[in-house]
Every structure is written in structure tokens, then in C-alpha cells.
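Each remark here refers to the structure printed beneath this line.
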DNA sequence: GCGAGGCTCGACAACGTTGTCAAGCACTTC
DNA sequence: GAAGTGCTTGACAACGTTGTCGAGCCTCGC
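Chains as they are written, first to last, in UniProt numbering: chain A, 1 to 344; chain B, 1 to 344.
Next comes the structure, spelled out in C-alpha cells:
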């Protein structure tokens, strides 16, 4: 209702010039202003609950302190709310604002949105994808500061964060090995994306490191959905000898595997241990027993990306870095030691 | 890299004053400017790919064309990406921008975020909650234009949109009645929120309208999670005679019911029809068979809220409205006619 | 008593726009 | 030929800030 008060109001109430108000409130170094004036200004500002108009400030400073996160789907996917949260908290901790924009995967609306954002004087961009991908950065972004989030690109001058898929595959497999499992299956994704290859690599290397020669027969691929996990699960459970544990590409496939196991009359974890990936709580907590899985470092990635972007905005000489973040295990109830040598 | 070009650049390239450029580019009505000048200006603007600086424009116009959606959890919850999408698309269709802010449910950070947003000259606020709630609008918002999203409040001067829970409960129950079910159970939420009461009301009224006297024994309550649905499901399935169909408060509880049914050796939908609520695709598509459920009108609510807010911003006399939006059924595979009179 | 020097503070311009108002010019009209 | 009439266009101020620069005044030292 009441119009917001401006620096002029503060100035006249304190009986000083706007210049002085600005100097006091911004604590401009090197400015000598008497303590008396300082406190008069501060008090006036308080009384009017003055807040500088940041549009005016941005205009003057040629810096908006606004970051934009443009992504294909992030904001509308259950996957990655934590990315947003991490980014937002990091931004607001440093006094920056974060805008979210969804392109829905459409290049044309993406282009339009980026242009609109640039027109709004956004200082920097987070370019994020719904899942770990190798991307081409849109040409419109060429002139702006950019950081890739949950994605990588070939241009090493562009900083990026993504999950360490290999380490994730390794740690999931290791979890099973630690319980004494030797015949460990893998239900992998059929799509050719970094996660597919990375998690497989991690799985294989964990096995080899444990002195187990990987068995091709224990690796199935399918659509990365419950139905894919169900089909692949059935196939794997019908092997002879049967695997005593299965690592699934993601929690949705693990959900399908649960169904397959139930159909074969196998109890989890007594007859079959299962490890998922993604830590989708809706699934992992909903399943019986709860699904032990590997979490993607969404929150950390979001925070890292924002911090890196701001750092490079404030000091353009900061070198570009491309990092992979660790994926931690989240234990629930789907893993136990194998039943006493079933096939031995 | 290259500095963005300003209206001055366009003016000098076209050989006219900035005033003229502004008039031409904004198509100011009532201004007579020769076609020759017009096209010279347009061409110059094109060649420089000029885009007006919207911070400067906002400063001048005292209107930022930015909306903020502040919510407790929305951006980080799988629940409601569609709310965001609907809001964002409606905003960008009219040339407005939408900012998202999460308070995490903490009043203090909420306060801080709102203040920061107001300082950024945000024109209006969408105040959204993770699930349909009756809320108190934060005092800081008192002076700003506000629309409630997926929430209501007692102050009728504040517009709001929320799902029509009663209609949702009704349509879900009706779906089962239409298939010929007569003994229809309800697994309801134990929390005292509008959805709990509304869906129950809808369930009861559908039953009565079909000439069936509701049976208290067929209504169970539990925590609104898979485990709650599991427990309540077990209880309901052990009734004699057993219900032939069950309507669940949400898809998570339905997931638990699936587990309970499996444990009792009941097939869905042959032995038991199930209807959920929320249309959480991760669950509804992941279950076998797919879960028939009722969707919340998230997208529509987001769009409605933005449109209403903008309309009231542009014409402050627009009357305030509090609406409830219909919840549509999404059919998958968990409903069929009852087996031939099992208990009759 | 006078100049030098230090301490406070304010005038002004600029950031990029847009609305207001008036000025310039060609052309009628008497 | 002078005054009036349209039609085009531009000067200027303002939106709310902040950085630069200089002005005023007080004190000190000789």
C-alpha cells in the first residue's frame, strides 16, 4: 500500500544528502563520516525500514546479482528437487537470486527463454539437464557466464559438475561384496548415456578388484523403468545358478525387480539382495523392505555450480574446473548376506 | 563479450533521437512517425540485435513484470512440478517472469526471502503449499498482491485455487460403482487436512447417491505413506465379507495396499480393484498393474493462479475469487468389475 | 594572523528507459 | 505574405542508485 521509501526519504529524514546515506549504508571504505551522522542515517533508515531498490542499484552497477538455471525438465521432474534446493540456498547465502526456467526440452522455447533472461540482465547461467548428459551449450549462451549442472561438455573452458557414476557403481557393488555375495547381477539401462556406461564400469571394476571374473550372463539391460526391471529381473532370476544379489541401474528398475522376485517366490533380502540407484524416496521408502540404494549428490551439485558461477563472475580469471561428485550409499533394508551357499 | 547495445546505439545508427527509437519500438499509440523513420529505426535495432534493458525499463515504469512463487516445499517435492510448469508457462506467455523460492517450511527464512524479493521489486506473489492447506498469509505480504496456490485462507479478499477434493473423492468412488462394486472400502489419511475430509465426503456422497449406506467398517485411516496403506490394507482385506474394491487416499497408500493384497494372495484387479489419488507417475506407472488414480489439477492451478494475479495487477478492481478445480480420473489397469458375487 | 592540511559532506553525472511537452517544418488559407 | 494547421521529431526530466570530485570548515603550526 504505502509506497516503498527511497534513499531520498532517508536522506531528508536524517538531514543529510543521498550521497551520504549511500556511503553510510554501504560502508564505503575510505569514506570519513562522523559517528554522529552515521547513526542518524542508520536510525532514519531503520525507522523507514528502508530497503534499497535493487533494480536501480543493478542499473547503476551493471550487475543484477541474478542467476538463471535453465534446464530441460528439472523443475518438473521428481528427480532433482535437491539440485534446485542446493543451488537456491547457495545463491541466497551470498545474496544472489536464482531464477528457474524450463525449456521442456524444446530448443526453440529454450532459445526464447534465454533471450528473455539476458534481456533481464541475468548475470550468469546454470545449464542443467534432467540426468547426467553430454550436451552442446546453446549458442545464445556464448557471451554469458555459464556453468553446467548434471552435465558435461567437451569445451573445457566451461565448468561443470556431474555425479561420479563409476564410483557410484563401484560402491553399490562393493556393498554387496562386503556382505559376502559372489554372484552379483546387474540390471543396466539400455540407453547409451554416461550413467549406463559409468555404473557398469564401476560394477566391473569392483568385481575384478575382489578377484571375481565378471560373468556376462549376469548382466541384463532393459528400459529404465519398472517394467524394464521386471523383465530383466525375471531373466536374471531364472539363471542357474541364480545370482544372490542384483545391482539395479535405478530405483524404478529395482521396483520392477521386486515384482519379479515376488513372482518367483523369492524374499528380499533373505533370498535376494537388491541395491538401487538414485535414492528416489517415493520408491525406496515405499517398497517392502526399504530399498538400499545409491544417492545422486544433487544438493551438492547445485550448490557447487552456483558457487563456482559466482566465483567466476566476481573474478573472471578463476580457472575452469570440471568435477565429478561422489555418490553416497543410503542403506535401507534390501541387503543382507547370502543364504548359506545355495548353489555350492 | 561485446557489450549489449543500448537504445542510444540504435538511435545514433538510425540517425534519430532515443525518444524516437523508444516510440517506434514500443508502437506508442497516438505518435505520428513517418514510415521512413520507422523502418530505419527497426532496421538499426535489428542489425544491432537490440533488446531493451528491462531493469532500466522496470525502474522507469515502476513495474518489474516479475512474479514470485514462494512455497514451503514445492520446488523440491515430486508432487507438484506441474504447478510450476503451469505457472511458468502462463507467465511467459504474457511476458512475465517467475521466480521460485523455497522456504523449507521455516517462517524465518520465508520472511527473509520475501523481503529480499520485495527489494527486488517483485510485482506480485504466488503463495503455494506442498499440499492443499488452509494457511495464514505471512504479514510481510500484506502490502503486496498475492494469490494462494493449492491453499486457501479465510480472508476472502485474497484469491485462491485449490483442488476440488470432494469431487475427486466422488469421481473415484463413482468409477468403482460404475463397474458394479457395492462393497467399496476407503483407506484414508489420518492427518486432519482438507484432502482427508474432502475425499471422505466425496466417497460418502457417491455411495449414498448410489443407494448404498456407507459402512464404517470399510473405512480405515493410516499414515499417508506406503506403510500406512499396507497396514490399513491388511485390516480391510481381513474383513468378512471382504471389500471388492478400495479407494486409497493417495498413490503411496495404494502402493502399500498392493503389497498387502499380494501378501493375501489377491490379484489386482481380478480379486480387488484399487483406485489411488495424486497420479504420482513414479508409482502409478511403476506398479503392476498400473494404478488407476485421480489426478490433481496441478498444471491448471498454476496457470490459473498466475493469470489471476496478473489480471489483478493490471486492473486492481478485478474482484477476488476463490476457486476449486476439478480432479480428473487417469485410468490404468487396477479397476475391473468384481468377481461374480464372491460373498453373496 | 595566516596558510596548510585534515576531516566531513554534498553536487553532479551516469546507468537505460519512457512520458511530456514543445519545437521545427511544410503546407494551407485568407 | 502572414498566420494558422498538421505532421514529425527531439530535449528534458525522472525512476533510485552509486562513484567521482571538489567544497567547506576546523585545527594546527609558525
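Note that the Cβ used here is the ideal one computed from N, Cα and C, for glycine as well. These numbers come from a predicted model, not from an experiment.
Any Cβ of chain B closer than 8 Å to the Cβ of residue 230 of chain A would place that residue at the interface, and such an atom is present.
Under the DSSP assignment, residue 71 of chain A falls outside any alpha helix (DSSP H), being part of the beta strand (DSSP E) whose first and last residues are 66-71.
Along the region 274-305 of chain B, the positions whose C-beta sits under 9 Å from a C-beta of chain A are 280, 281, 282, 283, 285, 286, 287 and 288, read in chain order. Distance from the Cα of residue 114 of chain B is smallest, within the candidate group B:94, B:92 and B:137, for B:137.
The three-state reading of DSSP puts residue 325 of chain B in strand, counting E and B together. Put simply, of B:72, B:54, B:55 and B:13 the residue whose alpha carbon is nearest the alpha carbon of residue 44 of chain B is B:13.
Assigned with DSSP and collapsed to three states, residue 279 of chain A falls in coil, not helix or strand.
When Cβ pairs closer than 8 Å are counted between the two stretches, the region 91-110 of chain B is seen not to touch the region 288-295 of chain B, the count staying below three. The three-state secondary structure of residue 260 of chain B, taken from DSSP, is helix. In this structure, residue 243 of chain A lies away from residue 335 of chain A, with their beta-carbon atoms at least 8 Å apart. At least 8 Å separates the beta-carbon of residue 295 of chain B from that of residue 87 of chain B. In the pairwise beta carbon analysis, the region 277-284 of chain B is classified as not touching the region 58-67 of chain B: fewer than three pairs are separated by under 8 Å.
Taken through DSSP and simplified to helix, strand or coil, residue 148 of chain A comes out as strand. Looking at the backbone, the Cα of residue 67 of chain B and that of residue 160 of chain B are separated by about 16 Å. Using a Cβ distance threshold of 8 Å, residue 218 of chain A and residue 180 of chain A do not count as a contacting pair. Relative to residue 254 of chain B, the option among B:188, B:120, B:49 and B:77 whose CA is nearest is B:188. Looking at the DSSP output, residue 293 of chain A sits in a beta bridge with A:330. Proximity of the region 137-150 of chain A to the region 161-177 of chain A meets the contact definition, three or more beta-carbon pairs being nearer than 8 Å.
Interface annotation for the region 236-265 of chain A against chain B: 252, 255, 259 and 262, criterion Cβ-Cβ distance under 7 Å. As DSSP reads the structure, residue 246 of chain B sits in a beta bridge with B:185 and B:274. It is roughly 12 Å from the alpha-carbon of residue 31 of chain A to the alpha-carbon of residue 37 of chain A.
Boundaries of the beta strand (DSSP E) around residue 129 of chain A: 124-134. Secondary structure at residue 26 of chain B: helix, using DSSP grouped into helix, strand and coil.
At least 8 Å separates the CB of residue 130 of chain A from every CB of chain B. In the three-state DSSP reduction, residue 160 of chain B falls in the strand class (E or B). For residue 179 of chain B, no CB of chain A lies under 8 Å from its own CB, so it is not counted at the interface with that chain.
Residue 140 of chain A and residue 146 of chain A have their alpha carbons spaced roughly 11 Å apart. The beta carbon of residue 52 of chain A falls within 8 Å of a beta carbon belonging to chain B, placing the residue at that interface. For the C-beta of residue 71 of chain B, not a single chain A residue is nearer than 9 Å; the gap to the nearest is close to 11 Å.
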